[in-house]
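Q:
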Amino acid sequence: MNFIETRGNDGQKPSSITFSQAILSPMSSFGGVYSPERLPQFDEGFFKSHVNSGYKKLAKDILALFEVDIAESVIDDALSLYDNFDDPRNPVPVVKVYDDLYVSELYHGPTRAFKDMALQPFGKVLSAVAQERNEKYLILAATSGDTGPAALETFKNRDNVQVVCLYPDGGTSDVQRLQMVTEDAKNLKVIGIHGDFDDAQTALKHLLTSEAFAKTLQEKDISLSAANSVNFGRIIFQTIYHIYSYLELVRQQAIALGDKVYLNVPSGNFGNALGGYYAYKMGLPVKQIHIASNSNNVLTKFITTGKYDLRNVSVIPTTSPAMDILKSSNIERILFDLLGAERTKELMLQLDNDKFYELSAAELAKVQMIFAADFCTDQEGLDYIKQAFEVGYLMCPHTATCFKAYETCRADKSIKTIAYSTAEWTKFSPVIASTLTGKVVKHDREALDIIAKKANVKIPAQIADLFSKEISQKTVIDKEDIEKEILSFLKA
Ligand SMILES: *Cc1c(COP(=O)(O)O)cnc(C)c1O
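If you want the numbering used here, it's the 1-based position in the sequence shown plus 90.
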C-alpha cells in the first residue's frame, strides 16, 4: 500500500511513496506528512480468529494488511523485541479498575513509558531499511523526558543510524535524565541544554531546516530523519495495541465480540489517539474515542468547539509533562482523513499564519461523531491518583487525566471504557509520593522507596539500576553551541 500527502503535492516531492520511504523521509509537500492512501478493512473473521493469538501474531497480521514493504525476517526481528517486555506472552496487560473501566498498560517495555510500544520495533525496522539501501541516517530528537530514553534505547548499537538527543538540563525528572546520560554506545550522543524544552525543540527545528547543516551532512553522506510521531512508522505500531486491548476484554469476558467500547487516550501529539482512530476506521467496534488532556487544553477546545486556537496561549507546566503540548501534529492526519488534502492544507496554513482555524458546523459534526474530549487539572489528577490507589490501582499523572474524561465524556453508561496508561509510576514518582503521603517528596530515589513500600510493589530493575550506573554522557552546553557539538560527534 502507498502513502499520500496530507497537503497535496507541490510538484517536487513524490506524491505517493511506499512505507519504507515514508519512514525514512516523513515530511511531504507544503510541510505536510504522509498518510495511508486507504485503510485496510478487517473482515468478519479477523477478530474471531485473533481472539487467542498472541501480540506478535496479531501485529504481524495487521502489518500484512497494510502491505508494508519490509522483509518478513525484519518484521519478525522487530516484533521479537516485545519479548523483552515484562511478560513476553502479554506485553500489554489490561487491568480492571472499576466495573466498566479497564486500563491498558502500555509501559511494560525497557524505558517504562508507552513510547517503547512503537519505538522498539521502529528502531529495528528503520536501521534495517537504511542498511539495505546502504544509506546513513542521523536522527535528531528533542525530548521533555520520554521520547529521548526510548529513542536512545531502540537505536543503540544499531547500524547505519546515529542519534543525537537534546534535553533541557534540569527540566526532566532524575529518572528520565539518568535513562539518557547512562546510555553508553558510540552511535549515541546526549546533549543537555541550558534552557527549557522549547529551547531544545527550537534548536532542533532550526537544524532540521538549515540548508547549511543539511549540506554539511550531505558531504558526509548522511541524511536526516525524525523519530517523532509524525513518522508513520510509529503510528502503524500504535494501531495494534488498541485492537489487542479490545480482544483482551473479550478474553476476560468483559465484553462479547462485536460489543462497542470507548477508548480513552491521554493525548499530547495525538499519535496514540490516531492509532485508535485508524483501528476504528479499519473496523474495530469503537463507540467513541475520548481525548484526555491536562490544563494545556487546546485539544479539548478543538473537539468541543471546532476552533483550534493558539492565540494568546502558552504552555503551562503540569504534573503530566509529556502532554504539555499545544500544537498536536497528528490532528493533521484526522483532518486529512475526514476533509481531504485541499481543506487540510488550507487549515494548516491558517494555523501557521494566524495561529487559528475554525471548522464549519458540518465539519465539526464529523469530528464529534467519533471524538469527545475533556481536560483534567493537576489537582483533579492528583485526586484521581488517590482515589484509584484506594481501590488498589497505582498510576501516573498522565493516566490520571483519563479518569476525568471517563467521568464526563460517556454518553452511554452501559458501554465499557478502555483507558490507556502511558507511563509507569516510577517515572513520575515525586508527585505521586507527595500525593499519597501528604508530605513533600522532592527526589526520585526517595519517592521510589516510599511508593514501593506503601503500595507493596517492586521497583523494576530498569529503574533501580539507573542510580548506580556510570554516567557516560556528560555534555551540557549553551544552545548556541549545539551544531558544533553535533558535528564533532559525527567526526569522531
Ligand atoms: C508521549 C506521551 C503522551 C502523549 O502521547 P501522544 O501520542 O503524543 O498523544 C502521554 N503520556 C506519556 C507518558 C507520554 O510519554
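By construction, the Cβ of each residue, glycine as well, lies at the ideal position given by its N, Cα and C atoms.
Predicted model only: the values in this text are computed from it and were never measured.
Suppose only complete runs of 4+ residues qualify. What are the alpha helix (DSSP H) ranges in the segment 482-511, listed by chain order?
A: Entirely contained in the segment 482-511, the alpha helix (DSSP H) runs reaching 4 residues are, in chain order, 487-499.
Q: Between which two residues does the alpha helix (DSSP H) carrying L228 extend?
A: Position 138 of the sequence shown, counted from the start, is the residue given in the question as residue 228. Premise fails: L228 lies in the beta strand (DSSP E), 226-232, not in any alpha helix (DSSP H).
Q: Exposed or buried, which one is L129 when buried takes at least 16 other CB atoms within 10 Å?
A: As a first step, residue 129 must be located in the sequence shown, where it is residue number 39. L129 is buried by the Cβ-count criterion.
Q: Using 7 Å as the cut-off, classify the Cβ of N277 as near or not near the heavy atoms of ligand 1, replying yes or no.
A: Here residue 277 corresponds to residue number 187 of the sequence shown, with the count starting at 1. N277 Cβ: outside cutoff for every heavy atom of ligand 1.
Q: Using only alpha-carbon positions, find the residue among L191, M413, H198, A161 that is nearest to R179.
A: For the purposes of this step, residue 179 is taken as the residue at position 89 of the sequence shown. Closest by alpha carbon: H198.
Q: By the three-class DSSP mapping on this structure, what secondary structure does V251 have?
A: Locating residue 251 in the sequence shown gives position 161, counting from the first residue. Strand.
Q: Are H380 and N420 close, meaning C-beta to C-beta below 8 Å?
A: Along the sequence shown, read from residue 1 onward, the residue named residue 380 stands at position 290. Along the sequence shown, read from residue 1 onward, the residue named residue 420 stands at position 330. No.
Q: Does the segment 462-471 come within contact of the segment 487-507, defined as at least 3 CB pairs closer than 8 Å?
A: Cβ pair count under 8 Å is three or more, so yes.
Q: Quick one: is the Cβ of A203 within less than 7 Å of any heavy atom of ligand 2?
A: Inclusion of ligand 2 in the displayed structure is not the case, the ligand content consisting of ligand 1 alone.
Q: Tell me whether T512, by its Cβ, gets closer than 7 Å to a heavy atom of ligand 1.
A: Here the question's residue 512 lines up with position 422 in the sequence shown. Under cutoff, so the answer is yes.
Q: For ligand 1, any of its heavy atoms closer than 7 Å to the Cβ of F360?
A: Residue numbering aside, residue 360 sits at position 270 when the sequence shown is read from its first letter. Flag set: Cβ of F360 near ligand 1.
Q: Find out if the Cβ-Cβ distance for the pair T507, D189 is shorter than 8 Å.
A: In the sequence shown, the residue the question calls residue 507 occupies position 417. In the sequence shown, the residue the question calls residue 189 occupies position 99. Contact flag unset, no.
Q: Given the structure, does A363 come close to ligand 1, in the sense that its CB is under 7 Å from one of the ligand's heavy atoms?
A: Taking the first residue of the sequence shown as 1, we reach residue 363 at position 273. Yes, Cβ of A363 sits closer than 7 Å to a heavy atom of ligand 1.
Q: From this set, I567, T272, L216, N386, which residue's C-alpha is nearest K226's C-alpha?
A: Counting from 1 along the sequence shown, the entry for residue 226 is found at position 136. Checked all of I567, T272, L216, N386; the closest Cα to K226 is L216.
Q: Examine ligand 1 and report whether any of its heavy atoms sits within less than 7 Å of the Cβ of S357.
A: Within the sequence shown, residue 357 is the residue found at index 267, counting from 1. S357 Cβ: within cutoff of ligand 1.
Q: Among V253, G373, K305, which residue has its Cα nearest to the Cα of G135?
A: For this step, residue 135 is matched to residue 45 along the sequence shown. When only C-alpha atoms are compared, the closest one is G373.
Q: Determine the direct distance from the alpha carbon of G282 to that of N142, and round the result to whole angstroms.
A: Residue 142 sits at position 52 when you count from the first residue of the sequence shown. Residue 282 sits at position 192 when you count from the first residue of the sequence shown. Looking at the two C-alpha atoms, the distance is approximately 45 Å.
Q: Tell me G282's beta-bridge partners as DSSP assigns them.
A: Numbered from 1 along the sequence shown, position 192 holds the residue referred to as residue 282. Beta-bridge pairing links G282 to Y257, V566.
Q: Going by DSSP, what residues sit across from P356 in a beta bridge?
A: For this step, residue 356 is matched to residue 266 along the sequence shown. Answer is A382.
Q: Rounded to whole angstroms, what's the CA-CA distance from T390 to S383? Just pull it up for me.
A: By 1-based counting over the sequence shown, the position of residue 390 is 300. By 1-based counting over the sequence shown, the position of residue 383 is 293. Cα-Cα distance, rounded: 7 Å.
Q: What residues are listed by DSSP as bridge partners for F446?
A: Looking up residue 446 in the sequence shown gives position 356. Looking at the DSSP assignment, F446 forms a beta bridge with D399.
Q: Going by beta carbon distance, what residues of the same chain come within less than 7 Å of I345, once the five residues before and after it are set aside?
A: Locating residue 345 in the sequence shown gives position 255, counting from the first residue. Same-chain partners within the cutoff: L339, V351, K506.
Q: Of all the options D259, A275, S263, which has the alpha carbon lying nearest to the alpha carbon of D249?
A: The count along the sequence shown starts at 1 and reaches residue 249 at position 159. Ranking D259, A275, S263 by Cα distance to D249 puts A275 first.
Q: Taking only heavy atoms of ligand 1 into account, decide whether any of them is closer than 7 Å to the Cβ of S319.
A: To locate residue 319, count along the sequence shown from 1; it is residue 229. True, at least one ligand heavy atom lies under 7 Å from that Cβ.
Q: Sorry if obvious, but does the Cβ on H284 come closer than 7 Å to a heavy atom of ligand 1?
A: Counting from one through the sequence shown, the residue named residue 284 turns up at place 194. Checking the Cβ of H284 against ligand 1 gives no.
Q: How is A462 classed by DSSP in three states: helix, strand or coil?
A: For the purposes of this step, residue 462 is identified with residue 372 of the sequence shown, where counting begins at 1. Looking at A462 - three-state DSSP - the assignment turns out to be strand.
Q: On the premise that A513 lies in contact with A203, defined as a C-beta separation below 8 Å, what is that separation, rounded to the nearest angstrom?
A: Residue mapping note: residue 203 aligns to position 113 of the sequence shown, counting from 1. Residue mapping note: residue 513 aligns to position 423 of the sequence shown, counting from 1. Confirmed, Cβ separation roughly 4 Å.
Q: With distances taken between CB atoms, is the gap from G366 to M413 smaller than 8 Å?
A: Residue mapping note: residue 366 aligns to position 276 of the sequence shown, counting from 1. Residue mapping note: residue 413 aligns to position 323 of the sequence shown, counting from 1. Taking 8 Å as the Cβ cut-off, G366 and M413 do not qualify as a contacting pair.
Q: Pick from E157, G122, V265, D166: whose alpha carbon is nearest that of F557?
A: Taking the sequence shown and counting its residues from 1, one reaches residue 557 at position 467. Selected option, being the one with the closest Cα: V265.
Q: Using the three-state DSSP reduction, which class does M372 fall into: helix, strand or coil?
A: What you label residue 372 is simply residue 282 of the sequence shown in a count that begins at 1. Looking at M372 - three-state DSSP - the assignment turns out to be coil, as it is neither helix nor strand.
Q: Where does T145 fall in DSSP's three states?
A: Taking the first residue of the sequence shown as 1, we reach residue 145 at position 55. The residue you asked about is not Thr; residue 145 is Tyr in the sequence shown. Residue state, collapsed to three classes: helix.
Q: Who are the Cβ neighbours of A490 in its own chain at under 6 Å, not counting the five residues just before and after it?
A: Within the sequence shown, numbered from 1, the residue matching residue 490 stands at position 400. Closer than 6 Å at Cβ, skipping near neighbours: G471, Y474, I475.
Q: Can you tell me whether H488 sits near ligand 1, meaning its C-beta is under 7 Å from at least one heavy atom of the ligand?
A: Stepping through the sequence shown from its first residue, residue 488 is reached at position 398. Flag set: Cβ of H488 near ligand 1.
Q: Let me confirm a value: D206 is counted as buried when at least 16 other C-beta atoms fall within 10 Å, else exposed. Which label applies?
A: Taking the sequence shown and counting its residues from 1, the one referred to as residue 206 is at position 116. Looking at its Cβ environment, which holds 16 or more other Cβ atoms inside 10 Å, D206 is buried.
Q: Considering only the alpha carbon of each residue, which of C255, G285, H284, E453 lies closest to T272?
A: Along the sequence shown, one-based indexing puts residue 272 at 182. Ranking C255, G285, H284, E453 by Cα distance to T272 puts C255 first.
Q: Going by DSSP, name the residue or residues bridged to P88.
A: With the chain covering 91 to 582 only, the question about residue 88 has no answer from this structure.
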